[in-house]
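Structure first, commentary second.
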Amino acid sequence: MRVPVELIARYDKAGPRYTSYPTVPAWSASFDENAHREALAAARADDAPLAVYAHLVYCAQKCFYCGCNALTTRHPETVDRYLDDLERELDIVVECLGRARRVAQLHWGGGTPNLLSDAQLVRTFAMFTERFRFSDDVELSIESDPRLATREQLRTLRALGFTRISFGVQDLDPVVQKAVGRIQPAELVEDIVAASREAGFRGINLDLIYGLPRQTVESFSRTIEIALALAPDRVACFGYAHIPTQRPHQRLIDESQLPDARTRFELFRLAASAFTEAGYAWIGLDHFAREDDPLAVAQRERRLHRNFMGYTTMPGRHLIGVGMSAISDVAGRFAQNEPALAGWRASVESGHLATIKGHRLSDDDRARQAAILHLMCNLELPFDAVPGDLAALRERYEGFEKDGLVTIEADRFAVTPLGRFFLRNLCMELDTYLPAQKGVARFSRTV
Ligand code: SF4
């Protein structure tokens with residue numbers, strides 16, 4: 003597939019990743035703690051199982067490319083204090099939701115959850131088991147920094163019941179690792195992945211990033227080769243979002259070393275063809291999964307879902323996020339926690355939820371959310387799922403058809419293999435908030 007450079011330039015725009023619709027910049031500060039409490043109270047009325055996300059914010063050091071809300075510490079007592087506050091927040095959430103509510107999915111992200119000592123991991127886990135009831139088939143998953151993982155830690159996590167572990171690999175080339183301030187030799191990653199298997203993890207995920215400084219097609223193909231040899235169950239291949247105005251530490255990255263749009267495109271194309279040729283299913287935008295992995299099965303059965311945690315098999319009516327900056331999606335309302343430690347802490351220590359903004363979905367929002375999910379998960383948009391004016395959307399999609407990104411069938415728009423690379427651009431046409439966000443909200447590049 004030869005892709006003209008003009009096509010890449012035309013679609014290389016700033017745009018959302020659509021882990022939610024409406025996206026966070028469209029949310030309002032008028033959605034406050036009371037509004038979030040109301041959402042939790044509404045969720046109390048049904049018995050739908052919950053997905054829970056805990057943001058464990060601390061890392062040992064900051065990677066230059068980091069786009070997460072992360073703080074650094076070397077002091078266990080700093081982590082203890084964060085856990086004290088997390089426990090306070092959980093108490094408030096449970097007071098609204100009711101005790102012993104069923105949980106089908108618990109994910110710990112960050113930050114670096116495995117910065118916690120074994121005792122802290124056990125303590126944090128108990129915070130959840132004491133307040134929630136886990137389904138028999140609950141999925142427990144954790145993000146892990148291979149540099150901090152140990153055999154003992156892996157055994158502790160398995161003993162707690164974690165079955166899925168995601169390792170931040172990013173890139174295994176020493177030159178790239180130096181340019182992004184994260185040194186982790188391939189042997190270290192290989193060793194810890196083998197140890198995870200020995201410990202009994204059934205789901206091993208690797209996270210890669212393309213678009214990093216000093217990355218070349220040759221260097222990234224070596225990273226992919228090593229990643230494939232590790233036989234992960236899933237791979238996420240994210241595009242690096244360089245937004246130093248929002249993430250000042252990204253100024254440590256030398257912009258002149260960043261790959262241009264054409265190279266970025268080639269890096270992702272390389273990953274997509276290498277993983278699919280090796281038998282992985284390409285999931286939605288940027289994930290790859292073994293054909294027998296639940297994510298690949300869900301995509302085949304058109305049950306795939308996407309939320310703040312990325313692609314998931316569980317539509318989960320309610321997602322509860324706890325910790326600094328965590329996002330909840332409860333009873334048709336989004337709510338985000340205060341992203342700064344002091345503000346989040348002051349709220350929860352005074353018995354309040356730390357809601358800083360949110361959004362209650364309108365009927366139009368729901369229809370657009372469903373349409374975007376359809377594109378992101380099923381790679382098509384049936385005409386009867388198009389919100390608003392079909393003729394107007396069709397006219398705009400005719401431009402995409404000319405460029406080979408979609409075909410317009412009798413009853414739907416279907417994304418072509420080339421169109422998969424521009425999925426975010428296709429979704430942007432459905433986003434009614436986007437025009438007002440131009441120049442205000444800062445999104446990553448779509449290519
Ligand atoms: S380990 Fe992850 S969360 Fe922590 S600084 Fe690095 S990229 Fe950010």
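Residues 3 to 449 in the numbering used here are what the sequence shown lists, from first letter to last. All C-beta atoms in this analysis are idealised placements derived from N, C-alpha and C, irrespective of residue type, glycine included.
In the structure shown, the three-state DSSP call for ASN207 is strand. Counting only the Cα atoms, PHE336 lies some 11 Å from ASP34.
Here the C-alpha atom of VAL182 lies approximately 35 Å from the C-alpha atom of PHE130. Residue pairing from DSSP places TYR60 in a beta bridge opposite LEU73. Assigned with DSSP and collapsed to three states, HIS320 falls in strand. DSSP places LYS404 in the helix class (H, G or I) of the three-state scheme.
For the stretch 204-284, the full-length beta strand (DSSP E) segments reaching 3 residues or more read 205-212 and 236-241 along the chain. Pairing ALA201 with ASN380, the inter-Cα distance amounts to about 35 Å.
When secondary structure is reduced to three states using DSSP, VAL449 falls in the coil class, being assigned neither helix nor strand. Check the Cα spacing between ASP175 and each of GLY390, PRO187 and THR165: the tightest is with PRO187.
Between the stretch 50-59 and the stretch 24-39, the count of C-beta pairs closer than 8 Å stays below three; the two stretches do not touch.
Between GLU340 and ARG104, the alpha-carbon positions lie close to 26 Å from each other. Within the same chain, no residue comes within 6 Å of ARG224 by CB-CB distance, once the 5 residues on both sides are set aside. Taking non-hydrogen atoms of the ligand SF4 into account, the C-beta of ASP147 is found less than 6 Å away from one of them.
Between ALA197 and LEU260, the C-beta spacing is not below 7 Å.
Setting aside the 5 residues that flank it on each side, LEU92 is surrounded in the same chain by MET129, PHE130, ARG133 and VAL324, each with a C-beta closer than 8 Å to its C-beta; the list follows chain order.
DSSP places ASP138 inside the beta strand (DSSP E), whose first and last residues are 134-146. By the criterion of a C-beta distance shorter than 8 Å, LEU210 is surrounded in its chain by VAL171, GLN172, ASP173, THR225, ILE226, ALA229, VAL237, ALA238, CYS239, PHE240 and ALA273, once the five residues flanking it on both sides are discounted.
Taking all protein chains in view, the Cβ of GLN252 is crowded by 16 or more other Cβ atoms within 10 Å, so the residue is classified as buried. The nearest non-hydrogen atom of the ligand SF4 is less than 6 Å from the C-beta of GLY113. For CYS239, the shortest C-beta to heavy atom distance toward the ligand SF4 is 6 Å or greater. Counting C-beta pairs with one atom in each stretch, the stretch 138-146 and the stretch 210-220 have fewer than three that are closer than 8 Å, which means they do not touch.
In this structure, the alpha-carbon of VAL332 lies about 25 Å from that of THR114.
At the C-beta level, LEU343 and MET326 come within 7 Å of one another. Residues TRP29, SER30, ALA31, PHE33 and GLN338 of the same chain have their beta carbon placed closer than 7 Å to that of LYS359, with the five preceding and five following residues left out of the count. For ASP139, the closest C-alpha among the options PHE164, ASN116 and TRP346 is that of PHE164.
For GLN301, the enclosing alpha helix (DSSP H) stretches over residues 296-302. For ALA72, the Cβ falls inside the 6 Å cut-off from some heavy atom of the ligand SF4. By the criterion of a C-beta distance shorter than 6 Å, PHE169 is surrounded in its chain by SER146, PRO148 and LEU208, once the five residues flanking it on both sides are discounted.
When the alpha-carbon of ASN427 is set against those of PRO6, MET3 and ALA16, the nearest one is in ALA16. The ligand SF4 never approaches LYS180 closely enough for any of its heavy atoms to be under 6 Å from the residue's Cβ. In the three-state scheme derived from DSSP, where H, G and I count as helix and E and B as strand, GLN338 is classed as strand. Between PHE423 and PHE270 the beta-carbon gap is near 7 Å, inside 8 Å, which marks them as a contact.
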